[in-house]
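Below is one structure, written out as structure tokens; the observations come after it.
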Amino acid sequence: MELASILLLLSCATPLVHGFYTMRTHAPDHASIHGLVINARERSFIIGAANPTTYCGISDASQCPPGTETLINKNMTYLGSATPGGQVIFTSPNGEISYTLPGSSRMTEGAVAGGFVTSRIMRDNTTVEILTYQTHAMGSGLWACRRSDECRAAEDGQGVEWVLTASAPCFTPIGCVALSGVELVEAGDKYGAWAYT
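Laid out in structure tokens, this is it:
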């Protein structure tokens, strides 16, 4: 049997799986933020947030995905949401990484989709997949940037959250910590939420 025929048979026998991933910060030089979960909350990716903000768009909520974690595809171009049309992930000119609203394709003016690159590293004899950000027009790098919330500051005295940010034309890394990347953790092929808000 010819090699081409064998390869064709193998490709037909192998199912195509579109897996999803959860995210964690990869910043070994910064122990306080290394390994923290990243969740989609209010159109930002918040580092250390316990869960995402989600919405169930059908009348029988028991039919919606659980909405307890943020899922993305491998190259971080869309969220693992079941909403018709999906939700695209994009980077704004100020570097904030965001996503489209359910049922909309509208991005911030000047925003770009894509730019994320997956690589593999070895850690404790295990291969780990890491996402980095790299575009020629916008530079490269991922950052954890502080964003204060005056309401939370008044309530609990903390009021600071870390937002996942990328190098971009109008980005200034004031109050930011450089990340080595975002660690991808396999999460299966089921949607994480009906929609992330």
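Residue numbers (mature numbering (1 follows the signal peptide of the UniProt record, and there is no 0)): -19 to -1, 1 to 178. From the three backbone atoms N, C-alpha and C, an ideal C-beta is built for every residue, glycine too.
* **Exposed unless 16 or more other CB atoms sit within 10 angstroms - verdict on H11** => Residue mapping note: residue 11 aligns to position 30 of the sequence shown, counting from 1. That one is exposed.
* Asked: How big is the Cα-Cα spacing for A159 and V141?
  -> Along the sequence shown, one-based indexing puts residue 159 at 178. Along the sequence shown, one-based indexing puts residue 141 at 160. The alpha-carbon of A159 is positioned some 17 Å away from that of V141.
* Asked: Exposed or buried, what is G138 when buried is set at 16 or more other beta-carbons lying within 10 Å of its beta-carbon?
  -> Translated into positions along the sequence shown, residue 138 becomes position 157. Note that G138 scores a pLDDT of 40, beneath 50, so its modelled location is shaky and nothing firm can be said.
* Asked: For M103, which of Q68, F97, I111 has the nearest alpha-carbon?
  -> Working through the sequence shown from its first residue, we reach residue 103 at position 122. Residue I111 is the option with its Cα nearest to M103.
* **G122 versus D41 - alpha carbon distance** => Residue mapping note: residue 122 aligns to position 141 of the sequence shown, counting from 1. Residue mapping note: residue 41 aligns to position 60 of the sequence shown, counting from 1. Rounded to the nearest angstrom, the two C-alpha atoms are 42 Å apart.
* Reducing DSSP to helix, strand and coil, say where S86 ends up. => As a first step, residue 86 is located in the sequence shown; it is residue number 105 there, counting from the start. It is coil, neither helix nor strand.
* Give the C-beta separation of S100 and T116 to the nearest angstrom, bearing in mind that I take them to be a contact with Cβ-Cβ under 8 Å. => The residue labelled residue 100 in the question sits at position 119 within the sequence shown. The residue labelled residue 116 in the question sits at position 135 within the sequence shown. About 16 Å; that fails the 8 Å criterion.
* Measure from the alpha carbon of T81 to the alpha carbon of each residue in I28, G96, T64, S161, then state which is nearest. => Your numbering for residue 81 matches position 100 in the sequence shown. Per the Cα distances, T64.
* **Exposure of G67, with buried meaning 16 or more beta-carbon neighbours within 10 Å** => Taking the first residue of the sequence shown as 1, we reach residue 67 at position 86. Of the other Cβ atoms in all chains shown, 16 or more fall within 10 Å of the Cβ of G67; this residue is therefore buried.
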